[in-house]
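In my numbering, the protein residues as written are 785 to 1253.
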Ligand code: ATP
Ligand code: MG
Ligand code: MG
Ligand code: MG
């Protein structure tokens, strides 16, 4: 049974033999790209090669790329702990062609990789194509010998890939694995597709356009290829499970979490262990790449993930900071492939410990307040925005943490009310400054803060933060 580390090697070696340059993963914080919060796919570091702004001495590349999807266009934070196939941090394997080969070669490579190199049973595979893409459908028929019903035409944006609101994009074709009819779920495009039976493992993007801010789209100078295969999903199926969290690497982290809390990894705390294992990876890799917890921007997204993990640790009964004690296991698992993790180990552990120590001082009181508020509400009623704001402002609860806590009880938050409470506080702060005799400077400061988003708002408000990052 191949381990996750074996699969990474198999993938990169295969494409190296096909003339691809093996390129290191880029850091999670994109260099010089304010349109994107974190690297969310393999193509991010190659964006300027697709648009033709930059040239390198290779036209084919292959990578294992660190990705975080916890904000912006691709946000899987709320999926973690609830689906078998989503992480906030994961590795995306990819092969890329910059104006070299296109569909006619990308599809045969993918088929050979999946069926020969990885040895996946071809009869379990099916593919999707963008509904107008006859060329891709014909190639799948010819190369893989797939029957019509296993080549599914999808008319939605699921088969038109975009990195974010702007940037290179194009129609795509995805490979799905059928885990079998003992599991609930339907094929892509069907109403039951979100079940766990059919899992998307690889997306082949036929890069052809560039999308601009004003909504227009232009043909790229060259047709290119960008692919992304989720290594954890492939590890799962090769290890005979449809659950990413049951694979060797994730399981080791879950067991570390269970050991450190003296709890059962598969008992009532199962979801908590899954969230902790996932969030341990995203927070540690973000810190290793230079992000520190703060009240704005990227640092606030990190803080949200950390605090969310800490609440789950608390629910397991951990009375002392937990996350930093799991770092050695993570470094054992992933430090070989990602040496930056070992180099930053002390910083990661210390940052997690400090943040958790600080948050534990208010976490319990905040949770009590939340329970009191809920007890006063009629069954199923939304938590008032003012209460969520108090949790945020006084107890340091990021809004999504409150939402996550409520989700377990089938409750939601009045978000408009929360935003209004936040706006009111900002107005009050502004007025207080205005009355302080320093009007001129204060006004300038507040205007700057609004313009540049240097406020606590940035990080979770969908309109202000995610729309622009
Ligand atoms: P899904 O529909 O399952 O959310 P996606 O269509 O958003 O996946 P892509 O943007 O096409 O995913 O990314 C390419 C590949 O990366 C996917 O086929 C999948 O194998 C993997 N992947 C995407 N998101 C995640 C995630 N949150 N956790 C683990 N793997 C992921
Ligand atoms: Mg997705
Ligand atoms: Mg998808
Ligand atoms: Mg996809």
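Where a beta carbon is used, it is the ideal one built from N, C-alpha and C, also for glycine.
For the beta strand (DSSP E) holding residue 831, just list the boundary residues, first then last.
Looking up residue 831 in the chain shown gives position 47. First-last for residue 831: 831 to 835, but that is the alpha helix (DSSP H), not the beta strand (DSSP E).
Exercise. Rounded to the nearest angstrom, how far is the Cβ of residue 1042 from that of residue 1057, given a contact under 8 Å?
Worked result: Within the chain shown, the letter at position 258 stands for residue 1042. Within the chain shown, the letter at position 273 stands for residue 1057. About 6 Å; that satisfies the 8 Å criterion.
- Task: In angstroms with no decimal places, state the Cα-to-Cα distance between residue 1161 and residue 828.
- Result: Indexing the chain shown from 1 puts residue 1161 at position 377. Indexing the chain shown from 1 puts residue 828 at position 44. The alpha-carbon atoms of residue 1161 and residue 828 are separated by roughly 46 Å.
Notebook entry, point to check: Is DSSP giving residue 889 helix, strand or coil here?
Noted result: Within the chain shown, numbered from 1, the residue matching residue 889 stands at position 105. Residue 889 falls in the helix class under three-state DSSP.
* Asked: Along the chain, where does the beta strand (DSSP E) that runs through residue 1138 open and close?
  -> By 1-based counting over the chain shown, the position of residue 1138 is 354. First-last for residue 1138: 1129 to 1160, but that is the alpha helix (DSSP H), not the beta strand (DSSP E).
Please work out which residues of its chain come closer than 7 Å, Cβ to Cβ, to residue 1171, disregarding the five sequence neighbours upstream and downstream, and give them in chain order. In the chain shown, residue 1171 corresponds to position 387, counting from 1. Closer than 7 Å at the Cβ level, and outside the excluded window around residue 1171, lie 1157.
Could you pull the DSSP bridge partners for residue 848 from this structure?
Within the chain shown, numbered from 1, the residue matching residue 848 stands at position 64. Residue 848 is bridged to 877.
My guess is that residue 1065 and residue 873 are in contact by the Cβ rule of under 8 Å, so how many angstroms apart are they, rounded? Counted from its first residue, the chain shown places residue 1065 at position 281. Counted from its first residue, the chain shown places residue 873 at position 89. Contact flag correct, Cβ pair sits at about 4 Å.
Less than 6 Å between C-beta atoms, sequence neighbours within five positions excluded: which residues of the same chain meet that for residue 1139?
Position 355 of the chain shown, counting from 1, holds the residue named residue 1139. Result list for residue 1139: 1077 and 1090, in chain order.
Legend entry - Cut-off 6 Å between Cβ atoms - residues of its own chain near residue 997, not counting five sequence neighbours on either side: Within the chain shown, the letter at position 213 stands for residue 997. Closer than 6 Å at the Cβ level, and outside the excluded window around residue 997, lie 950.
Self-check item: Strand pairing of residue 1179, partner residues [DSSP]
Solution: If you number the chain shown from 1, residue 1179 lands on position 395. Note: residue 1179 sits in no beta bridge, so no partner.
Query raised in the report: According to the neighbour-count rule (16 or more other Cβ atoms, all chains shown, within 10 Å of its Cβ), is residue 1029 buried or exposed?
Result: Within the chain shown, numbered from 1, the residue matching residue 1029 stands at position 245. It is buried - the Cβ of residue 1029 has at least 16 other Cβ atoms within 10 Å.
Contact check, residue 1021 vs residue 961 under 8 Å by CB: the rounded distance?
Taking the chain shown and counting its residues from 1, the one referred to as residue 1021 is at position 237. Taking the chain shown and counting its residues from 1, the one referred to as residue 961 is at position 177. About 5 Å; that satisfies the 8 Å criterion.
_Bounding residues of the beta strand (DSSP E) (the contiguous stretch that carries residue 919)_ = Here residue 919 is taken as the residue at index 135 of the chain shown, counted from 1. Counting along the chain, residue 919 falls outside any beta strand (DSSP E), though it belongs to the alpha helix (DSSP H) covering 918 to 928.
6 Å CB neighbourhood of residue 857 in its chain, flanking five on each side removed: Numbered from 1 along the chain shown, position 73 holds the residue referred to as residue 857. So the list reads 948, once near-sequence residues are dropped.
_Per-residue DSSP class, three states only, for residue 1023_ = The residue given as residue 1023 occupies position 239 in the chain shown. Three-state result, residue 1023: coil.
Measure the CB-CB distance between residue 846 and residue 821 and report whether it falls below 9 Å. Here residue 846 refers to the residue found at position 62 when the chain shown is read from its first residue. Here residue 821 refers to the residue found at position 37 when the chain shown is read from its first residue. For residue 846 and residue 821, no; Cβs fall outside 9 Å.
Checklist entry - Ordered along the chain, which non-local residues of its own chain (more than five positions away) have a Cβ less than 6 Å from that of residue 796? => result Here residue 796 refers to the residue found at position 12 when the chain shown is read from its first residue. For residue 796, where only same-chain residues beyond five positions count, the Cβ hits under 6 Å are 806 and 846.
Check your understanding: So residue 1112 is in the alpha helix (DSSP H); what residue range does that whole segment cover?
Key -> Along the chain shown, read from residue 1 onward, the residue named residue 1112 stands at position 328. Note, residue 1112: alpha helix (DSSP H), 1111 to 1118.
- Query: Quick one, which of 800, 1007 and 862 has its alpha-carbon nearest residue 1188's?
  - Reply: As a first step, residue 1188 is located in the chain shown; it is residue number 404 there, counting from the start. Considering only alpha carbons, the answer is 862.
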